[in-house]
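For the sequence shown, the positions run 1 to 154 when the UniProt record's numbering is used.
Note that CB positions come from ideal geometry on N, CA and C, so glycine has one too.
Here's the structure, in structure tokens; my notes come after.
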Amino acid sequence: MKVSDSNSLRLETRALRYLARREHSRYELEKKLSAHEQSDQVLSEVLDRLEQQGYLSTERFAEQTSRTRRPRFGSQRIVHELKEKGVDVAHIASLLPDLKETDLEIARQIWQKKFGTPPRDLKERGRQMRFLTGRGFSPEIIRKVLLQAEKDAQ
1 MKVSDSNSLR
11 LETRALRYLA
21 RREHSRYELE
31 KKLSAHEQSD
41 QVLSEVLDRL
51 EQQGYLSTER
61 FAEQTSRTRR
71 PRFGSQRIVH
81 ELKEKGVDVA
91 HIASLLPDLK
101 ETDLEIARQI
111 WQKKFGTPPR
121 DLKERGRQMR
131 FLTGRGFSPE
141 IIRKVLLQAE
151 KDAQ
């Protein structure tokens, strides 16, 4: 057995341990494994092999991430996180319609849990808007949530 073969096997074992805990994007796994392997070629071969065997799937990672983050965050925040983790635009574009479709309902649920009552003044309104913006909701969605809350309170 050559040294590069043993390094490759060791690296693949480490990668499988990471993947056993949770899904990873190729970019994310590459970053974690690069600390343990100097050769970019060996690292790339290991990642290619894992993808061919079905252990590493960026599509599966993107779907799982959007599904687990959905109850707490808006589509803008989820898209940003996926981009940061190296998910390509095509995968994100395939998830976006479903995310956008449920944005309003998720924003209402999050707002209801956090605040429950419409803002009393402009300061409170700003605070609620900033909170929802930080959670990744668009200004249009936030405006709809607050308008509906004000209508419901009347």
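Problem set entry | Cβ pair G134, D103 closer than 8 Å | no
Problem set entry | CB of residue 168 within 8 Å of CB of L47, strictly | Past the edges of the chain, shown from 1 to 154, lies residue 168, and the structure says nothing about it.
Exercise. Who are the near neighbours of G136 in its chain, counting only those whose CB is closer than 6 Å to its CB and skipping five residues on each side?
Worked result: Taking G136 as the centre and dropping the five residues before and after it, the same chain places the C-beta of F73, G74, Q76, R77 closer than 6 Å to its C-beta, in chain order.
For this session: Assess, as a yes-or-no matter, whether the stretch 121–131 is touched by the stretch 86–93 under the definition of 3 or more beta carbon pairs within less than 8 Å.
Result: A contact between stretches requires three or more CB pairs, one per stretch, nearer than 8 Å, and the stretch 86–93 fails this requirement with the stretch 121–131.
For this session: Using the Cα positions of residue 180 and E81, report the straight-line distance between them to the nearest angstrom.
Result: A question about residue 180 goes unanswered here, because the residues of the chain that appear run from 1 up to 154.
Exercise. Can you tell which of L96, Q64, R143, P119 has its C-alpha closest to the C-alpha of S25?
Worked result: Q64
Problem set entry | Member of Q53, H36, P97, E37 whose CA lies at the smallest distance from the CA of R66 | Arg is not the amino acid found at residue 66; the sequence shown has Ser there. When only C-alpha atoms are compared, the closest one is P97.
Exercise. For G116, which option in G86, E28, Q53, D152 has the closest C-alpha, if you only look at C-alpha atoms?
Worked result: D152
For this session: Evaluate T68 with the Cβ neighbour count: other Cβ atoms within 10 Å of its Cβ, from every protein chain shown; 16 or more gives buried, anything less gives exposed.
Result: exposed
Exercise. Once you ignore the five residues that flank Q128 on each side, which residues in its own chain have a CB closer than 6 Å to its CB?
Worked result: The beta carbon of Q128 is closer than 6 Å to those of F115, P119 in its chain, skipping five residues each way along the sequence.
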